[in-house]
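These notes are about the structure you will find just below.
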Amino acid sequence: MKTRIWGLTVFLVAFITLGCLSLASAQDKVRGVTDTEVLIGQWGPQTGPAALWGAVGRATGVFFELINSEGGIHGRKIKYFLRDDAYQPAKTKAVAKEFVDDIGVFAVVGGVGTSCGMAVREYLTTHKIPWVSPASGSSHWTQPFNRYIFSTFPQYYQEAFVETKYIVENMGKKKIGFFYQNDDYGKEGLEGAKKYLSSKGMTLAAEAPVEVADTDLKTHALKLKDSGAEVVILWVNPKHAAMMVQVAKSVGFDPQWLACSTLSDPEMFFKITKGAWKGVIYGNFVNMKSPLVKKYLEAQQKWAPKETYTGLFYLAGFYFAEPLVEGLKRCGKDLTVDNFIKAMETIKGWNDWLGYDCTFTPQDHQGVKSVYLEKCGDNGERIKVSDWLLYSGQ
């Protein structure tokens, strides 16, 4: 009898001990993190009307190859998952679900599109997925404050505000038209431009919204022409931007164009518009003078030699991923979501990357608030027009 009781006691102790160990192991396990890997996801339009922006996600993959070749981060290599959402929010939702439920990523990085990002923002936040550098300048990423999202894309509202200010105060132009995508992306830019003009008792000469699916822009061009606009601000996708400057010429309209930073690739636009992009001024937030540009393009030659597009959008794929890697480095070996967030919030005035003065705090995750202006030259080259334009808040 005593032997049976003793045996039962040993069994129960062993059972409880194993249960506790299993519970501790489950509690210690961090989604998307092993001793040798950290899993990172990104969506982006490899097909569809915004496919030119798809270079962002492909370049991020090259950046991670470079980081892995240098030994990874604290003994871990980055395992990267890129999915095509074709710039369609419904597909972005499916991708996010795959990242969380099937793959189990630790974090997501980049992700082109305001509407696409908004379709999954709450889902990612609910599952406590860190999201670094949404590839969109929407204010929705940081307003209201979201501890899981870190933005390095200047807000569209802020960018449009400082660019409109430059048009009026530095270029001396007062009749301004605004051609914009009729969604959150375009409307936030429109709001910033109107806010600055309102502060000076001015209004836009014309507003011309366009739907993503629109293919005929003649009516839009004529509306802008009839307004007498001297400068037209472009806040649309690459396809519509290229179409507009060409259609405008065909109807005898040749204003000074000023494009959002989402259109900051003069070499590409010069080529696809057959030179019509010449003279277009555009915002930029990637430091093209950084020595890292050469390093990253050499990495592209090594890991993606067949890549046909290596302009600004491609470099943006490195730009968006750099802060993620910096946060992983600062976090140390003990990688958890909370530790990663705390590490990201130690980034202050950071310039060791393709960007400028990145700062995150526990109260503010909008890391970059400046752009500068360039102009497309005679052969698609970049001509610097301004220094960094900082939005100081209004």
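With mature numbering (1 follows the signal peptide of the UniProt record, and there is no 0) applied, the sequence shown covers -26 to -1, 1 to 368. We put the CB at the ideal spot given by N, CA and C, even for glycine.
Whether residue i touches residue j by CB criterion (7 Å)
i	j	result
D326	G285	no
W251	F243	yes
I207	F135	no
I47	K303	yes
I321	C332	yes
I14	V69	no
L328	N261	yes
residue 388	A24	Nothing about residue 388 can be reported from this structure: the residues present for the chain run from -26 to 368 only.
A180	S201	yes
Own chain, CB closer than 6 Å to residue i, minus 5 neighbours either side, in chain order
i	result
W209	Y154, G160, G163 and C234
V74	H101
T193	none
L(-4)	Here L(-4) scores only 38 on pLDDT, less than 50, and its place in the model is too uncertain to base an answer on.
Boundaries of the alpha helix (DSSP H) in which residue i is found, first to last residue
i	result
E296	L286 to C305
residue 384	Look at the range of the chain in this structure, -26 to 368, and you will see that residue 384 is not part of it.
K268	L266 to W277
I14	Here I14 belongs to no alpha helix (DSSP H); instead the beta strand (DSSP E) covers E11 to G18.
Y159	D158 to S173
F244	P240 to I246
V69	P63 to K71
A195	K192 to D200
Extent of the continuous beta strand (DSSP E) run through residue i
i	result
F258	The question names Phe, yet the displayed sequence has Asn at residue 258. That run of the beta strand (DSSP E) goes I255 to N258.
K349	S344 to C350
A81	A81 to V83
Neighbourhood of residue i by C-beta distance below 7 Å, restricted to the same chain and skipping five residues each side
i	result
T335	E319
R5	G78 and F80
W277	V36 and E39
S360	Y140, Y346 and L347
Residues near residue i by beta carbon distance below 8 Å, same chain, minus five either side
i	result
Y288	A29, V30, R32, A33, Q274 and E281
Y97	K67, A70, K71 and V74
V342	S125, T126, F127, P128, F259, G329, Y330, D331 and C332
E165	Y131 and A134
Three-way DSSP call (helix, strand, coil) for residue i in this model
i	result
P212	helix
C90	helix
F119	coil
E355	coil
F127	coil
E181	strand
F152	strand
D338	coil
L328	coil
Candidates the options, of which the one nearest residue i by Cα
i	options	result
T126	Y61, G291, N353 and G306	G291
V345	D58, V205 and E137	E137
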